[in-house]
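Asker:
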Amino acid sequence: FFGYLRLATTMLTIEVIPFLVLAVGVDNIFMLVHAFQRVNRVETPNTAEAIGLALGQIGPSILLTSASECCCFAIGGLSPMPAVNTFAWYATVALFVDFVLQITAFVALMAIDERRTASGRLDLFCCIKADKESFKEERTGILEKLFGRYYAPFLMKKCVRLTVLAIFIVVSSLSLMVVPSVEPGLDQELSMPKESHLVKYFQFMADLLWMGPP
Numbered sequence: 001f002f003g004y005l006r007l008a009t010t011m012l013t014i015e016v017i018p019f020l021v022l023a024v025g026v027d028n029i030f031m032l033v034h035a036f037q038r039v040n041r042v043e044t045p046n047t048a049e050a051i052g053l054a055l056g057q058i059g060p061s062i063l064l065t066s067a068s069e070c071c072c073f074a075i076g077g078l079s080p081m082p083a084v085n086t087f088a089w090y091a092t093v094a095l096f097v098d099f100v101l102q103i104t105a106f107v108a109l110m111a112i113d114e115r116r117t118a119s120g121r122l123d124l125f126c127c128i129k130a131d132k133e134s135f136k137e138e139r140t141g142i143l144e145k146l147f148g149r150y151y152a153p154f155l156m157k158k159c160v161r162l163t164v165l166a167i168f169i170v171v172s173s174l175s176l177m178v179v180p181s182v183e184p185g186l187d188q189e190l191s192m193p194k195e196s197h198l199v200k201y202f203q204f205m206a207d208l209l210w211m212g213p214p
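Take the sequence shown: its position 148, counted from the start at 1, is 148 in the UniProt record's numbering, and no numbers get skipped.
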């Protein structure tokens with residue numbers, strides 16, 4: 001896509017973007033699968049309806065996070081620095097495509113996997129059917145019990161919500177106060193391995209070629 005737009009890429013973009021998209025995509029996939037597993041299959045035996053309920057529960061959260069991430073990187077695309085500009089636009093498009101694939105291709109694969117599970121077939125060897133006795137009843141995990149019984153009720157108390165909101169406002173205000181004192185820029189020595197021969201070059205540049213006012 002960017003090749004047609006004649007937007008050049010950099011080695012940093014090629015090395016970082018896949019891991020960035022993977023990190024964001026895995027989080028959304030976990031949330032989709034977990035929401036689908038929590039759907040009551042007795043009341044909703046149809047796979048398409050169950051996936052629709054799961055998307056209705058978790059879809060807005062995924063849409064909001066993906067949209068906010070794309071907007072943040074798109075703002076970075078306004079930077080006059082070519083390396084930052086390229087990285088930001090590549091990340092914006094990659095995250096958008098990742099979101100589209102999650103709500104289309106991954107959902108379709110999840111439906112196919114649900115059919116495999118309903119037919120009692122193994123995950124890696126889907127041609128082999130397992131005995132019904134080998135299936136164990138799923139139990140609620142410890143973390144789910146902890147968050148459902150203790151953390152969520154505690155967080156929903158009015159005094160706790162007001163305290164969290166006050167802390168957020170204070171931290172945000174302090175962060176905005178410190179922003180003007182942050183010096184922009186990146187030391188070139190920090191962007192490369194310590195074993196690189198360019199590290200000594202930049203050190204010599206700083207020690208021998210530095211010139212002050214006359």
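For each residue, glycine too, the CB sits at the ideal point set by N, CA and C.
By Cβ distance, which residues of its chain are closer than 7 Å to leucine 53, with the 5 residues on each side in sequence left out?
Answerer: Position 53 of the sequence shown, counted from the first residue, corresponds to residue 53. Correct list, in chain order: Val39, Thr44.
Asker: For threonine 13, tell me which candidate among Ile75, Asn85, Ser173, Phe96 has the shortest Cα-Cα distance.
Answerer: Stepping through the sequence shown from its first residue, residue 13 is reached at position 13. Nearest C-alpha to threonine 13 among Ile75, Asn85, Ser173, Phe96: Asn85.
Asker: May I ask you to list the residues that DSSP assigns as paired with lysine 129?
Answerer: The residue you call residue 129 lines up with position 129 of the sequence shown. Paired residues: Arg121.
Asker: Please give the ranges of any alpha helix (DSSP H) in the segment 141-169, keeping only runs that are unbroken, at least 4 residues long and fully inside the region.
Answerer: 142-146, 152-155
Asker: Give the single residue among Met31, Ser196, Phe202, Ser79 whose Cα lies nearest to the Cα of serine 61.
Answerer: Locating residue 61 in the sequence shown gives position 61, where the first residue counts as 1. It is Met31.
Asker: Closer than 7 Å to a non-hydrogen atom of the ligand SAM - does that hold for the CB of alanine 35?
Answerer: The ligand SAM is not part of the structure shown, which contains no ligands of any sort.
Asker: In terms of alpha-carbon separation, which member of Phe99, Ala108, Ile169 lies closest to aspartate 27?
Answerer: Here residue 27 refers to the residue found at position 27 when the sequence shown is read from its first residue. The candidate whose alpha carbon is nearest that of aspartate 27 is Phe99.
Asker: Quick check on DSSP: helix, strand or coil for proline 82?
Answerer: As a first step, residue 82 must be located in the sequence shown, where it is residue number 82. Helix at proline 82.
Asker: Do the segment 59-73 and the segment 92-109 meet, that is, are 3 or more Cβ pairs less than 8 Å apart?
Answerer: yes
Asker: Counting only the same chain and skipping the five closest in sequence on each side, list residues whose C-beta sits under 8 Å from that of leucine 208.
Answerer: To locate residue 208, count along the sequence shown from 1; it is residue 208. Same-chain partners within the cutoff: there are none.
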